[in-house]
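Novice:
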Amino acid sequence: MYIPYPFQWGSPTFKAGEALAMMAASFVSLFESTGTFYATSRYGSATPVPPSVVSRGIGWLGIGVFLNGIFGCVTGFTASVENAGLLALTKVGSRRVIQISAGFMIFFSLFGLGFLQFCNLNSFRTKFILGFSFFIGISIPQYFREYYQYVHVHARYSWFHDIVTVIFMSHTTVAALVALFLDCTLAQENDETAKDNGLKWWERFSLYSSDVRNDEFYALPCNLNKLFPAL
């Protein structure tokens, strides 16, 4: 039996280019994990996730990444989008379900569309933002996957190209950034148009104390809420 220990592969080294590339990977993981938190709470019939709980979850992911680096783990630390899809499909929060339902993962992309019910799909502005962001979210990562990383593999500033490649090869990150940019820049005709993106519906859940059931779903074990309180 082998027990891992800190710095088992040697003393740590620091290179700015590699560090920035990993920061870019963490930035991508931030987008994907946040979406997974919201999807899991919804498909698990929990209350909407307060922002403080999301921040707490992202913080624990950061601690996990830090420990991975100390113990020399070759895998990353992030929330599993596939698990959220399985939870939506089966309504059962069990790892056994993941093992049995592995063949159905091709269908999981359909469940993410359920969040569109909070948007006004009758608005041309909303439909344009959704359609354009989906198109760019598919096209740009495909370009970087097939061409960009091979053209610049021997470039002088390889660390910069690593950062660009990591960010723009993520479908979720590209689509989210494009949708956010368009939603913030496209003109809104009136106050009703401002409600088209669905954010008004989520505002009432922004505080942890807004729903008494939040403690049931998001309370930490072993009285850790006293050390990491949710707001």
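Each residue of the sequence shown is one higher than the one before, counting from 1410 in the numbering used here.
Don't be surprised by glycine CBs; every beta carbon is placed ideally from N, CA and C.
Check the C-beta distance from ALA1584 over to PHE1553 and give it rounded, since I have them as a contact under 8 Å.
Specialist: Along the sequence shown, read from residue 1 onward, the residue named residue 1584 stands at position 175. Along the sequence shown, read from residue 1 onward, the residue named residue 1553 stands at position 144. Actually they are not in contact, since the Cβ atoms of ALA1584 and PHE1553 sit about 14 Å apart, beyond 8 Å.
Novice: Hey, THR1456 and ARG1622 are a contact pair by Cβ (cut 8 Å); roughly how many whole angstroms apart?
Specialist: One-based indexing of the sequence shown puts residue 1456 at position 47. One-based indexing of the sequence shown puts residue 1622 at position 213. Yes, they are in contact, since the Cβ atoms of THR1456 and ARG1622 sit about 5 Å apart, within 8 Å.
Novice: Provide the residue span of the alpha helix (DSSP H) that contains PHE1544, from first to last.
Specialist: Here residue 1544 is taken as the residue at index 135 of the sequence shown, counted from 1. 1533-1552 is the extent of the alpha helix (DSSP H) around PHE1544.
Novice: Go to VAL1490, then tell me how far its alpha helix (DSSP H) extends in each direction, as first and last residue.
Specialist: The residue labelled residue 1490 in the question sits at position 81 within the sequence shown. Run containing VAL1490: 1490-1499, per the alpha helix (DSSP H) assignment.
Novice: Distance, Cα to Cα, ALA1639 vs ARG1465?
Specialist: Indexing the sequence shown from 1 puts residue 1639 at position 230. Indexing the sequence shown from 1 puts residue 1465 at position 56. If I take the Cα positions, the gap works out to 8 Å.
Novice: Is it right to say LEU1470 is buried, meaning 16 or more other beta carbons lie within 10 angstroms of its own, or is it exposed?
Specialist: Indexing the sequence shown from 1 puts residue 1470 at position 61. LEU1470 is buried by the Cβ-count criterion.
Novice: When burial is assigned at 16 or more other CB atoms within 10 Å of the CB, is PRO1459 buried or exposed?
Specialist: Here residue 1459 is taken as the residue at index 50 of the sequence shown, counted from 1. Result: buried.
Novice: Tell me the rounded alpha-carbon separation between LYS1609 and HIS1580.
Specialist: As a working note, residue 1609 is residue 200 in the sequence shown. As a working note, residue 1580 is residue 171 in the sequence shown. Their Cα atoms are separated by approximately 26 Å.
Novice: I'd like the span of the alpha helix (DSSP H) that includes CYS1593, first residue to last.
Specialist: Numbered from its first residue, the sequence shown carries residue 1593 at position 184. First-last of the alpha helix (DSSP H) with CYS1593: 1580-1594.
Novice: Do you know how far the Cα of ILE1538 is from the Cα of PHE1416?
Specialist: Here residue 1416 refers to the residue found at position 7 of the sequence shown. Here residue 1538 refers to the residue found at position 129 of the sequence shown. Going by the C-alpha atoms only, they are around 47 Å apart.
Novice: Alpha helix (DSSP H) containing GLY1478: first to last residue?
Specialist: Translated into the one-based positions of the sequence shown, residue 1478 becomes position 69. Looking at the DSSP string, the run of the alpha helix (DSSP H) that includes GLY1478 is 1460-1480.
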